[in-house]
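In the UniProt record's numbering, the protein residues as written are 1 to 162.
Have a look at this one:
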């Protein structure tokens with residue numbers, strides 16, 4: 001990504017409907033991580049959007065904080081948690097400058113890192129390093145494939161080697 005998209009783009013997307021990444025539940029990869037015990041201790045759902053992962057992990061008994069820079073997203077997340085009968089916690093936070101949020105044992109980033117330009121990716125990585133306790137985990141999912149909706153860097157699956 002050449003330039004990090006403005007936050008207003010996300011606020012507008014959450015106010016005007018469902019952005020394409022809202023799937024009415026956790027991403028399958030996140031559900032698998034949870035089933036495999038990958039989330040321990042205090043958990044941060046960075047860039048939580050409408051809170052699908054925060055709600056799912058809270059329902060499973062984890063201590064989770066969902067954080068997003070979009071006020072519209074956090075408002076929808078809180079409403080979704082209430083509708084689901086889950087006592088999930090959410091906050092509005094700038095993930096490039098998340099002072100006061102940590103520390104956490106586990107951080108989940110599902111589709112946030114790849115939205116930042118190169119300079120902001122470096123800032124974000126430093127911010128995450130300051131949020132995760134020593135020995136903690138960061139689970140980063142960055143979806144983008146050739147031929148799909150292009151939002152962020154596009155990775156040609158033919159270039160991937162296992």
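We treat Cβ as the ideally placed atom computed from N, Cα and C, and that holds for glycine.
Helix, strand or coil for residue i, going by three-state DSSP, please let me know.
i           : result
residue 4   : coil
residue 75  : helix
residue 82  : helix
residue 90  : strand
residue 39  : coil
residue 68  : strand
residue 28  : helix
residue 109 : strand
residue 116 : coil
residue 18  : coil
residue 122 : helix
residue 60  : coil
Less than 8 Å between the beta carbons of residue i and residue j, yes or no?
i           : j           : result
residue 109 : residue 47  : yes
residue 88  : residue 40  : no
residue 70  : residue 14  : yes
residue 141 : residue 111 : yes
residue 176 : residue 137 : With the chain covering 1 to 162 only, the question about residue 176 has no answer from this structure.
residue 4   : residue 120 : yes
Smallest Cα separation from residue i: which of the options?
i           : options            : result
residue 25  : 49, 133 and 69     : 49
residue 94  : 85, 18, 73 and 105 : 73
residue 53  : 66, 42 and 41      : 66
residue 84  : 92, 56 and 2       : 56
residue 92  : 38, 4 and 44       : 44
residue 86  : 101, 102 and 62    : 62
residue 131 : 36, 17 and 102     : 102
Using a 10 Å radius around the Cβ and a threshold of 16 neighbouring Cβ atoms, would you call residue i buried or exposed?
i           : result
residue 60  : exposed
residue 82  : exposed
residue 134 : exposed
residue 68  : buried
residue 107 : buried
residue 28  : exposed
residue 129 : exposed
residue 34  : buried
residue 64  : buried
residue 122 : exposed
residue 79  : exposed
To the nearest whole angstrom, what separates the beta carbons of residue i and residue j, a pair I think is in contact under 8 Å?
i          : j          : result
residue 77 : residue 51 : 3 Å
residue 90 : residue 42 : With 8 Å as the limit, residue 90 and residue 42 do not qualify as a contact, their Cβ atoms being about 15 Å apart.
Can you find a CB in chain D that lies within less than 8 Å of the CB of residue i?
i          : result
residue 56 : The chain labelled as chain D is not found in the depicted structure, where only one protein chain is given.
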